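Below is one structure; the comments refer to it alone.
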Amino acid sequence: MAQRFLQLAEVSEILNISSAQAYALVRSGELPAIKIGGRGQWRVEATELESYIQRMYAETKSFVQAHPFGAAGDE
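Residue numbers (the numbering used here): 1 to 75.
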């Protein structure tokens, strides 16, 4: 059975970013997460991480369409 919740270290490994960047994503609310336990450790639900990744694909696609590489005016 797949894990439902991921630690920030796992999130940073999956996204190939630093732990500080993963922490910043959850603190900003860009990547939904929960704090659990007495020490308030962050956990990200696997489905939320997948939704975040899909949002980033959509945002990147929109950006690329709005800013085409090698547009006619760039010659």
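Even glycine gets a Cβ: it sits at the ideal position worked out from N, Cα and C.
Since this is a predicted model, take the numbers as computed values, not measurements.
Given that a residue counts as buried once 16 or more other Cβ atoms are within 10 Å of its Cβ, and exposed if not, what is R43?
Residue numbering aside, residue 43 sits at position 43 when the sequence shown is read from its first letter. Buried, by the Cβ-count rule.
For Q65 and R4, the rounded distance between their alpha carbons
Residue 4 sits at position 4 when you count from the first residue of the sequence shown. Residue 65 sits at position 65 when you count from the first residue of the sequence shown. Using only the alpha carbons, I get a separation of about 34 Å.
Give the straight-line distance between the Cα atoms of E45 and A33, rounded to the nearest whole angstrom.
Numbered from 1 along the sequence shown, position 45 holds the residue referred to as residue 45. Numbered from 1 along the sequence shown, position 33 holds the residue referred to as residue 33. Between E45 and A33, the C-alpha separation is close to 7 Å.
Closest to Y57 by CA distance: which of A2, G38, L15 is it?
Your numbering for residue 57 matches position 57 in the sequence shown. Y57 has its Cα closest to that of L15, out of A2, G38, L15.
Member of A24, M1, A2 whose CA lies at the smallest distance from the CA of A9
Reading the sequence shown from its first residue, position 9 is the one you call residue 9. The option with the nearest alpha carbon to A9 is A24.
Count the other CB atoms within 10 Å of the CB of A20; is the residue buried (16 or more) or exposed (fewer)?
One-based indexing of the sequence shown puts residue 20 at position 20. So A20 counts as exposed.
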